[in-house]
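Some notes on the structure that comes next.
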Amino acid sequence: MTPDIEIVSPFRKSSYSAQHNDCVELAHTSVGGHAVRDSKYPSGPVQFHGAEAWTAFLQNLSGRPRV
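Laid out in structure tokens, this is it:
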């Protein structure tokens, strides 16, 4: 785990994934960012993304320009 960053919420996955386990899971971190992992490997590696990077990622997915 990255030093000084804690996962402060349970991991959750999209309701769109239904009964399947082929999805990413998301949790909030102590520094306002997000932790992401593969639902097939819950004890596997976790990626950490800061709040600014996560917002830019979501805006890119939605097609909205950055503010």
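Numbering (my numbering), first residue to last: 418 to 484.
Yeah, the Cβ is synthetic: ideal placement off N, Cα and C, and Gly gets one too.
Own chain residues within Cβ distance below 7 Å of residue i, not counting five before or after
{"i": "residue 465", "result": "419, 422, 446, 450 and 452"}
{"i": "residue 425", "result": "445, 446 and 447"}
Cβ-based neighbour list, residue i, same chain, cut-off 6 Å, excluding 5 preceding and 5 following
{"i": "residue 454", "result": "442 and 463"}
{"i": "residue 430", "result": "440, 442 and 456"}
Beta-bridge pairing of residue i - partner residues as DSSP gives them
{"i": "residue 446", "result": "424"}
{"i": "residue 430", "result": "442"}
{"i": "residue 452", "result": "444 and 465"}
Same chain, Cβ closer than 8 Å to residue i, five either side skipped, listed in chain order
{"i": "residue 427", "result": "444"}
{"i": "residue 470", "result": "450"}
Under the three-state DSSP convention, the category residue i falls into
{"i": "residue 476", "result": "helix"}
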